[in-house]
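Worksheet for the structure shown next.
Protein chains in written order, with the UniProt record's numbering: chain A, 1 to 223; chain B, 1 to 223; chain C, 1 to 223.
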C-alpha cells in the first residue's frame, strides 16, 4: 500500500476502529429488519452480513480493490454474524423494532460516509469524487438490506433526511482531506455530526419537501 | 487511452454528446418514477442519479474501468440532478406520468445501447460481447430504477417490446464496428432506430408472446 | 492463466462441465419463475439469462476477472436461452411450478458452491475466503432472479435450509483444496452432497429456527 495517501497512524487506527463499529451497527440494522420481516435464523445472519459488508464491497469494486476487503478479512462478516446472534436471542418486540433499527442504521451511516470517503481518497480519487463514493458507501449497505428484504430503500422514501447527513459528512471529510486537516479528531467530528444530524432529523421528524402535486384533484389518484 | 480502438473525432464527439443526452433522459425517467411513487426531493434526486449513471457504472465494472467514469466526471451526476430539479418543479399529473416516463426511458435506452456497445468494443471486447454489454448498459439503469422504486423492471414485464429494440440497436452497432462502418451517421441511425422501434411498440401496443398456459383451468390460478 | 492454481485436466474438465450444467439448471429456475409471474417470452429469456449468469458475474467482479467470463463466452447465455425456450414451450401448470423451480435451483446451488469456490481458490484467494465467495456465487444468481421478479429471495425466507447446504458444500470444497485432495470425484461428492441436502430439506420441510417473539402478544402484530 506504499502508493496510498498516508494519514498517520492515529487516523489509520481510527479508520479501522470506525469500520468495525460501522459494520457492527449495520449488522444490527440488518438483523433487526430480518426479525421484523420474520425471517429465520439463516435469513437473519444473511441479511446482517449483506447489510454490514455491502457498502464496502461496492466501494472496493468502484476503486478497483479486488478482492474487496470484506472477502479478505472475514472478521467483518464475523462481526456482522455476532450482531445477528445478539439480535436473534435478544430483540425488541416487532412493533417497536423500527426505532432501534433506525438508530443502528444512523450510526453505520455516519461512520461509513467518513471512512468511505477516506478510503476512496487514499486510493487516488479526487476529493469531490471521494465524497461521492463516500455517500454511496454509506447508503449502499442499507439499500442492499432494504431491496433484499422487499421494503422501499430508506434513501428514497424515509421522509426524514437520510441521504443529506451522509452527503454533509462526506463533503466535510473530503474538505478536511483536501486541505490536509483530516485527523483522528476532525474525522470523528464529521462522523459524529452526520450521526447526530440523522438522529435529530429522525426524532424531530424533519422532512424534505415533496414535489407539488400538479393539480388538486391529483392528490388522491392511484399510483 | 492509447490502446483503445480509435473511432475518429466526429464519432468520439457524438459518443460524448450521446452519453450526455442519454444521462439526461434516464435522469428524467428516474425523477418521474420518484414523483409517481411520492418520494420527497431527496428521493427524486437519488433515483434520478442512480437511473442515469447505473447502466454506465455496470458497463465500466464489467470492462474493468475503475473508478467508473460516473465517479470521475461528476458532470453526469450533475446532469441527472438538473433533470431531477426540472421534474421537481414541473411534472405532469401523477395519473398520466407513465407516458413521459416511457418516452424519456426510450430515448436513454436507444442511445445507451449504441454508446455502451461502442465503449465495450473500444475496450477490446469482441463485437458479439460488446453487443451483449451494450444491451446490459441500456437496460441496466432502468432495472436499477425499477428495483429501487419497488416496481417490476420494464425489461421483464413491460409487455411492449423493451429489450428487443436495445438488442437490435446493439447488434446493428456491433456489426457496423466489426466491418469498420461505424460513423457519426450510421451510429446515430442505429440509435434512432432503437428509440423509434421502442416508441412505435409502446404506442401501437406491440406485445411479445406469452408462454401458453398449460391447461385452461390454470389461467386464473393464484401466483 | 499460468499463475492460476492447477487442478489437473480431469478436474478442469469437470469444472467446465459442472458450470454448464449449473447454468442450465439456474436458467430453468429463472424461466420457471418468469412463467409463474406471467412475463412474456422476452421476460422469460431475460430472467433465465440473468439468473444463470448472475452468480458468476458477481464472482468474477470480486476476483477482478474482467470482463467476466459470461461476457466473453456467450455460450453461457446461449445455454440459459435454450433453457428459456424449453420452458416457454413446455412448462408445468403455474400452480405446481414451485417444485420444479426449487429442484432446478437446488442443482444450480449445489454445483456453483463447488465451482465458485474452486475458481476463487485458483485466483489466489485463501481457502476460507474462497469458501465465502463460493457461497456468494451459489446464492447470487437466485438472489438476482428473486429481486428482479419481485419476490423475497429464497436465501432469506425460504424456510427450508437454503444457504446452509451451499455453505457446507463450499466449506467441504475449500477444505479439499487446502489439503490438496480436490479431485473430479471428491469435488463431485461435495456438490452432490449440497444438492442432496437441499432437496432433503425441501421435501422433508426442515426449517431453521425463528427468532423467539419477544412477548406473546407480539406474535400477531403488523409488520
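From the three backbone atoms N, C-alpha and C, an ideal C-beta is built for every residue, glycine too.
Endpoints, the alpha helix (DSSP H) within which residue i is located
{"i": "residue 225/C", "result": "In this structure chain C extends from 1 to 223, so residue 225/C is not present and cannot be described."}
{"i": "residue 178/C", "result": "163 to 178"}
{"i": "residue 78/C", "result": "75 to 89"}
{"i": "residue 143/B", "result": "127 to 149"}
{"i": "residue 98/B", "result": "98 to 122"}
{"i": "residue 5/B", "result": "Segment: none, residue 5/B is in no alpha helix (DSSP H) and carries neither H nor E."}
{"i": "residue 155/B", "result": "154 to 157"}
{"i": "residue 94/C", "result": "Unbroken run through residue 94/C: none, as it is neither H nor E."}
For residue j and residue i, the rounded distance between their alpha carbons
{"i": "residue 14/C", "j": "residue 155/B", "result": "34 angstroms"}
{"i": "residue 108/A", "j": "residue 199/A", "result": "12 angstroms"}
{"i": "residue 88/A", "j": "residue 102/C", "result": "27 angstroms"}
{"i": "residue 161/B", "j": "residue 67/A", "result": "38 angstroms"}
{"i": "residue 165/A", "j": "residue 193/A", "result": "8 angstroms"}
{"i": "residue 209/C", "j": "residue 35/A", "result": "12 angstroms"}
{"i": "residue 21/B", "j": "residue 181/A", "result": "39 angstroms"}
{"i": "residue 136/B", "j": "residue 37/B", "result": "25 angstroms"}
{"i": "residue 131/B", "j": "residue 125/B", "result": "9 angstroms"}
{"i": "residue 138/C", "j": "residue 58/C", "result": "10 angstroms"}
{"i": "residue 41/A", "j": "residue 172/C", "result": "22 angstroms"}
{"i": "residue 169/A", "j": "residue 196/A", "result": "11 angstroms"}
{"i": "residue 76/B", "j": "residue 92/A", "result": "43 angstroms"}
{"i": "residue 111/A", "j": "residue 204/A", "result": "21 angstroms"}
{"i": "residue 8/B", "j": "residue 163/B", "result": "29 angstroms"}
{"i": "residue 157/C", "j": "residue 78/B", "result": "39 angstroms"}
{"i": "residue 217/B", "j": "residue 95/C", "result": "Only weak support is given to the placement of residue 217/B: the predicted model assigns it a pLDDT of 45, under 50, and the value that follows is read from those uncertain coordinates. Their backbone Cα atoms lie some 10 angstroms apart in a straight line."}
{"i": "residue 11/C", "j": "residue 12/A", "result": "43 angstroms"}
{"i": "residue 142/B", "j": "residue 23/B", "result": "11 angstroms"}
{"i": "residue 106/C", "j": "residue 56/B", "result": "33 angstroms"}
{"i": "residue 19/B", "j": "residue 189/C", "result": "50 angstroms"}
{"i": "residue 73/C", "j": "residue 98/C", "result": "30 angstroms"}
{"i": "residue 62/C", "j": "residue 134/A", "result": "20 angstroms"}
{"i": "residue 4/A", "j": "residue 152/B", "result": "42 angstroms"}
{"i": "residue 39/B", "j": "residue 90/B", "result": "15 angstroms"}
{"i": "residue 183/A", "j": "residue 60/B", "result": "33 angstroms"}
{"i": "residue 115/C", "j": "residue 70/A", "result": "21 angstroms"}
{"i": "residue 191/C", "j": "residue 86/C", "result": "25 angstroms"}
{"i": "residue 65/B", "j": "residue 123/A", "result": "15 angstroms"}
{"i": "residue 113/B", "j": "residue 113/C", "result": "33 angstroms"}
Residues of its chain near residue i, where Cβ-Cβ distance is below 7 angstroms and the 5 sequence neighbours each way are ignored
{"i": "residue 221/B", "result": "Reliability of the predicted coordinates at residue 221/B is poor, the pLDDT of 43 falling under 50, and no value is obtained from them."}
{"i": "residue 30/A", "result": "47, 48, 50, 51, 52 and 145"}
{"i": "residue 45/A", "result": "81 and 84"}
{"i": "residue 100/B", "result": "32 and 92"}
{"i": "residue 147/B", "result": "153"}
Contact set for residue i: own chain, Cβ-Cβ below 6 angstroms, skip 5 residues either direction
{"i": "residue 159/A", "result": "207"}
{"i": "residue 211/B", "result": "none"}
{"i": "residue 186/A", "result": "176"}
{"i": "residue 149/B", "result": "33 and 37"}
{"i": "residue 43/B", "result": "34"}
{"i": "residue 54/C", "result": "140, 141 and 144"}
{"i": "residue 16/B", "result": "none"}
{"i": "residue 117/A", "result": "130, 131, 134, 170, 173 and 174"}
{"i": "residue 167/C", "result": "135"}
{"i": "residue 202/B", "result": "102 and 160"}
{"i": "residue 119/A", "result": "none"}
One or two residues paired with residue i in a DSSP bridge
{"i": "residue 40/C", "result": "210/B"}
Same chain, Cβ closer than 8 angstroms to residue i, five either side skipped, listed in chain order
{"i": "residue 127/A", "result": "121, 174, 175, 177 and 178"}
{"i": "residue 104/B", "result": "25, 26, 28, 29 and 32"}
{"i": "residue 6/A", "result": "none"}
Residue i: CB within 8 angstroms of a non-hydrogen atom of the ligand SAM
{"i": "residue 19/C", "result": "Summarising the ligand content, the structure contains no ligands, and the ligand SAM is consequently not present."}
Minimum Cβ-Cβ distance from residue i to chain F less than 9 angstroms
{"i": "residue 93/B", "result": "The chain labelled as chain F is not found among the protein chains of the depicted structure, namely A, B and C."}
Quiz prompt | Residues, ordered as in the chain, of the UniProt domain "Glycine transporter" (19 to 91) of chain B that lie near chain C by beta-carbon distance below 7 angstroms | solution = Interface annotation for the UniProt domain "Glycine transporter" (19 to 91) of chain B against chain C: 61, 62, 63 and 64, criterion Cβ-Cβ distance under 7 angstroms.
Quiz item: Listed in chain order, which residues of the region 149 to 161 of chain C have Cβ atoms closer than 8 angstroms to some Cβ of chain B?
Solution: 149 and 150
Exercise. Can you give me, in chain order, the residues of the region 177 to 196 of chain A that have a beta carbon less than 7 angstroms from any beta carbon in chain B?
Key: For the region 177 to 196 of chain A, no residue has a beta-carbon sitting nearer than 7 angstroms to a beta-carbon of chain B.
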